[in-house]
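The sequence shown runs 2 to 198 under our numbering.
Heads up: the structure comes next, in structure tokens.
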Amino acid sequence: MTDHLQTLKYIKSDVLSFWVSSYEEQTSFNGYFCSLKQFLKKRLKIDNAAFLSFEGNSLIPIEEMASLTIETKLNAVSWLMIEASFYQQKVVKIPYILKARQAYSMMTDMVLFQAEGKNPIGVLLVEATESWTDFMTSEYGEECIEILSKVLQMIKDNLDVKINEDQYRKLYNMTDLFHSTMDIDLILENVLKKYTG
2 MTDHLQTLKY IKSDVLSFWV SSYEEQTSFN GYFCSLKQFL KKRLKIDNAA
52 FLSFEGNSLI PIEEMASLTI ETKLNAVSWL MIEASFYQQK VVKIPYILKA
102 RQAYSMMTDM VLFQAEGKNP IGVLLVEATE SWTDFMTSEY GEECIEILSK
152 VLQMIKDNLD VKINEDQYRK LYNMTDLFHS TMDIDLILEN VLKKYTG
């Protein structure tokens, strides 16, 4: 068994482990990215990584997704400006448009995570190491990206379902309150609590 095949097996094991152990704990994509960074460091010696999440034809740093502001959206990277970089490849050198930004000046490679027939999930930026380059140029690098893309798509879909469930639960509770009382002050107070706090 080659070292690269063993690395792929370790990565698969790590992905399965963080998927299973954190399914109930993670409430945002950022939590999963922290786990991804840990096993990239452990398996491929990547110390410097960033994840840009795909949101409405923009790529936004995952850390800023929880509190999107107008400024965040204005500073986002346009997907259309880097999409062509991924023509027929999922792992490419980082383009100048990203390299020129202070936060990404040390990054060398970028990886597109996109499940077949779906919108992109996001782009991983890394400062390449010898282990990273050696593994990604092996026959197992592409398989690793495909596996990660599928898992990240499942995580994204599950988080979307969880968010929708929470919204429907709030709506149901408000509807139940409307049917149980006609006290306008009580209804207004509960609406304000549910949707502002």
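Every residue gets a Cβ at the ideal spot worked out from N, C-alpha and C, and that includes glycine.
Item                                                                                                                       : Value
Beta-bridge pairing of V78 - partner residues as DSSP gives them                                                           : L60
Straight-line Cα distance separating D177 from A104                                                                        : 48 Å
Reduced DSSP secondary structure (H/G/I, E/B, other) of M155                                                               : helix
With 16 other Cβ atoms within 10 Å as the buried cut-off, status of R44                                                    : buried
Spatially closest choice to I47 from N58, N76 and F136, by CA coordinates                                                  : F136
Continuous alpha helix (DSSP H) stretch holding F136: start and end                                                        : E131 to M137
For L125, the residue or residues it bridges with in DSSP                                                                  : F52 and V112
Pick from N191, V124, L187 and L189 that is closest to F87, judged by C-alpha positions                                    : V124
Spatial distance of M2 from K171 (CA atoms)                                                                                : For M2, the predicted structure reports a pLDDT of 44, less than 50, and the residue's modelled location is therefore unreliable. A value from the coordinates is still provided. Roughly 53 Å separates the two Cα atoms.
Backbone secondary structure at K46 - three-state DSSP                                                                     : coil
Chain-order list of residues whose beta-carbon lies under 7 Å from that of Q154 (same chain, five-residue window excluded) : A116, K119 and I122
Identity of the residues DSSP links to K13 by a beta bridge                                                                : Answer is none; K13 lacks a bridge partner.
Bridge partners - K94, DSSP secondary structure assignment                                                                 : D110
Where Q39 falls: helix, strand or coil (DSSP)                                                                              : helix
Check whether S68 and L60 have beta carbons under 8 Å apart                                                                : no
For V16, the nearest candidate out of V152, D161 and E64 (CA to CA)                                                        : V152
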